[in-house]
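Everything on this sheet refers to the single structure shown next.
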Amino acid sequence: MHKPHHRWSARSSMAAIRLDGKACAADLEERLKQRIVNCTIQPHLAVVIVGNDPASHVYVRNKIKSCERLGIKSSHIELPAETSQDEVVKTILALNGDDSLHGILIQSPLPSHMDEESLTDLIDPKKDVDGFHPVNLGRIVQGRLDGMIPCTPAGVMEMLRWSKVEMSGKKAVVIGRSFNVGMPQALLLAAKGADATVTIVHSRTKDAKAECLTADIVIAAVGRPEMVTSDWIKPGAVVVDVGINRIDDSTRERGWRLAGDVHPDVAEVASLLSPVPGGVGPMTVAMLMANTVTATEGQHS
Ligand code: NAP
Numbered sequence: 314m315h316k317p318h319h320r321w322s323a324r325s326s327m328a329a330i331r332l333d334g335k336a337c338a339a340d341l342e343e344r345l346k347q348r349i350v351n352c353t354i355q356p357h358l359a360v361v362i363v364g365n366d367p368a369s370h371v372y373v374r375n376k377i378k379s380c381e382r383l384g385i386k387s388s389h390i391e392l393p394a395e396t397s398q399d400e401v402v403k404t405i406l407a408l409n410g411d412d413s414l415h416g417i418l419i420q421s422p423l424p425s426h427m428d429e430e431s432l433t434d435l436i437d438p439k440k441d442v443d444g445f446h447p448v449n450l451g452r453i454v455q456g457r458l459d460g461m462i463p464c465t466p467a468g469v470m471e472m473l474r475w476s477k478v479e480m481s482g483k484k485a486v487v488i489g490r491s492f493n494v495g496m497p498q499a500l501l502l503a504a505k506g507a508d509a510t511v512t513i514v515h516s517r518t519k520d521a522k523a524e525c526l527t528a529d530i531v532i533a534a535v536g537r538p539e540m541v542t543s544d545w546i547k548p549g550a551v552v553v554d555v556g557i558n559r560i561d562d563s564t565r566e567r568g569w570r571l572a573g574d575v576h577p578d579v580a581e582v583a584s585l586l587s588p589v590p591g592g593v594g595p596m597t598v599a600m601l602m603a604n605t606v607t608a609t610e611g612q613h614s
């Protein structure tokens, strides 16, 4: 079993320790395997993908590979880009009614002619392993954290706890307020048990840098490559980089590389920094597996 090889403590002049999402995800997977063994039925996840966005296909392949590794059954439903909204509605309703499967995931983004929100509303909240249904998002506001929590912010919380980052009474800044990452992330950090004091920074914030400079913990979920630079970070702060951005890089054979929302220079001032790739990405997939197991346990206890 992987163990974090350090305890977090304030450091100011050394390079940041890597907040290793890959190792944390591997550790979580080991615990999930045990829960899967104890399930009365094999967990079963349905992944629906519409259209041919190449990045989405890579994400779906990774999710299916994780299922295989853990012994979760997966069904992959591929629909062409020109599929009508009605057809996707029928697919979701059929999956809701199928007692042999426990989790439903609609891979985002959907083609532009589709209304993603109204499709999410149709998923049975008990099978909503993305945690995007209003019932599941609403439960977070109520402090009921035992259900389907969106995978990325849940993964960030798991990683912070695994690394023994002290959150209680600390000042956290979340950059971004999307329904899938920033907003639930802020709620989870402020929830009882985590107990951070949270500020949400967004595109209308007057001085994002000044807000970040006051933070003990910064979570960047913006979608702007390397926007957060070392002069935004208080020495010793913990920094989690949620961003996944593809940027041109002529030095790479493929002509591009992945960049986070945080500049690599931040490692010079932060105490802990999650890398991209290998940070939040693997945690997101691991939390999807965790939600699938939780959904199965809830439906077959
Ligand atoms: P999103 O829906 O586009 O939201 C971005 C947020 O950033 C918005 O709230 C926006 O503010 C805010 N923002 C934009 N420009 C800003 C600026 N200059 N200053 C301050 N705030 C600014 O994106 P998302 O879905 O939350 O994703 C964010 C990033 O995380 C992306 O790079 C995405 O690829 C990545 N991501 C990674 C994972 C993973 O598994 N690692 C999962 C999901 C997403 P407004 O609300 O005012 O527009």
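Just add 313 to wherever you are in the sequence shown, counting from 1, and you've got the numbering used here.
Built from N, CA and C at the ideal position, the CB exists for glycine as well.
Excluding sequence positions up to five before and after Ser421, its CB lies within less than 7 Å of the CB of Glu429, all in the same chain and listed in chain order. Taking each of Ile513, Arg344 and Ala368 in turn and checking the Cα distance to Arg559, the smallest one comes out for Ala368.
Taking a C-beta distance under 8 Å as the contact criterion, Val469 and Val582 do not qualify as a contact pair. Ligand 1 approaches Asn558 closely enough that one of its heavy atoms is under 7 Å from the residue's Cβ. In this structure, the C-beta of Asn409 stays at least 7 Å away from each heavy atom of ligand 1. For the pair Arg565 and Ile362, the Cα-to-Cα distance works out to about 29 Å.
Relative to ligand 1, the beta carbon of Arg570 is positioned no closer than 7 Å to any heavy atom.
Thr510 carries a strand assignment under DSSP once its states are collapsed to helix, strand and coil. Cα atoms of Ala599 and Met472: separation of roughly 11 Å, rounded to the nearest angstrom.
Scanning its chain for C-beta atoms nearer than 8 Å, with the 5 sequence neighbours on each side dropped, one finds around Val478 the residues Trp321, Ile530, Val551 and Leu585, in chain order. Residue pairing by DSSP places His357 opposite Lys386 in a beta bridge.
In this model, Ser543 and Lys522 are separated by some 10 Å (Cα to Cα). Assignment of Asp443 by DSSP, reduced to helix, strand and coil, places it in the coil class. Listed as beta-bridge partners of Glu391 by DSSP are Ile362. Between the beta-carbon of Gly549 and that of Val589 there is about 21 Å, and that puts the pair past the 8 Å contact cut. The C-beta distance from Asp437 to Asn409 rounds to 4 Å, short enough to fall under 8 Å. Taking C-beta atoms as the reference points, Thr518 and Asn493 fail to come closer than 8 Å. Taking a contact as a CB-CB distance under 8 Å, the pair Leu414 and His370 does not count as one, their CB atoms being some 21 Å apart.
Distance between Met596 and Gly495, taken at the CA atoms: about 16 Å. Under the three-state reduction of DSSP output, Asp578 falls in the helix class. In this structure, the CA atom of Val606 is about 19 Å from the CA atom of Val448.
Checking the 7 Å criterion, the Cβ of Asp561 is out of range of every heavy atom belonging to ligand 1. Here DSSP, grouped into helix, strand and coil, assigns Lys547 to coil.
The beta carbon of Thr609 sits closer than 6 Å to the beta carbons of Cys352, Pro356 and His415 from its chain, once the five residues preceding and following it are set aside; these are given in chain order. The DSSP assignment places complete beta strand (DSSP E) segments of no fewer than 3 residues inside the region 459 to 501 at 484 to 488, in order along the chain. Residue pairing from DSSP places Leu418 in a beta bridge opposite Val360. For Val514, the closest of Asp508, Ala504, Ala503 and Ile532 by C-alpha to C-alpha distance is Ile532.
Relative to the Cα of Ala339, the nearest Cα in the group Val350, Ser379, Ile354 and Asp366 belongs to Ser379. Relative to ligand 1, His515 has its C-beta within less than 7 Å of a heavy atom. Counting the other Cβ atoms within 10 Å of the Cβ of Ala485 gives 16 or more, which makes it buried. For Ile530, the enclosing beta strand (DSSP E) has its first and last residue at Ile530 to Ala533. For Val511, the CB contacts under 7 Å within the same chain, skipping 5 residues up- and downstream, are Ala485, Val487, Ala499, Leu502 and Ala503 in chain order. Between Ala359 and Ile417, the gap from beta carbon to beta carbon is short of 8 Å.
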